[in-house]
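Heads up: the sequence shown begins at 6 in this note's numbering, then just goes up one per residue.
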Amino acid sequence: MGIIKSTVKVGQKPPKEVIQEIRKAAKQPINYTEEFPPSSPEALKEFANLATERNKRKKKQSVTIRVAPDVLDSYKTMGDGYTGIMADVLKYAVDNPSILTKATR
């Protein structure tokens, strides 16, 4: 079994063929080798802890904001997931104070 690569844009679903390949691959037994042995119970537990922490950070809070109609229309043209894009833009602005300084003048 090789690596399955597919490029999808925001709001776009993967092609049915790709989904079928992934489902087929998921049903195959895992072949461990000397180079890639099975994970130890300790490693699996650590991975689960890391995943839990990551999921806590990924949770988003729902808020209501007022946005100019033309700005909202621009985001909506990006398709499904436009609110996630808006959240990413806000995060980028918060992480880059120079942008906020320019915007608040």
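Just so you know, even glycine gets a beta-carbon here, dropped at the ideal spot from N, CA and C.
Coil, strand or helix - residue i by DSSP
i: Asp100; result: helix
i: Ile90; result: helix
i: Lys32; result: coil
i: Gln25; result: helix
i: Asp78; result: helix
Inter-residue spacing [alpha-carbon to alpha-carbon] between residue i and residue j
i: Thr82; j: Gly89; result: 13 angstroms
i: Ile27; j: Glu39; result: 25 angstroms
i: Ala31; j: Phe41; result: 18 angstroms
i: Thr57; j: Pro43; result: 21 angstroms
i: Leu105; j: Ser11; result: 36 angstroms
i: Val13; j: Tyr80; result: 18 angstroms
Other residues of its chain near residue i: CB distance less than 8 angstroms, five sequence neighbours each side excluded
i: Ala98; result: Ile104, Leu105, Ala108
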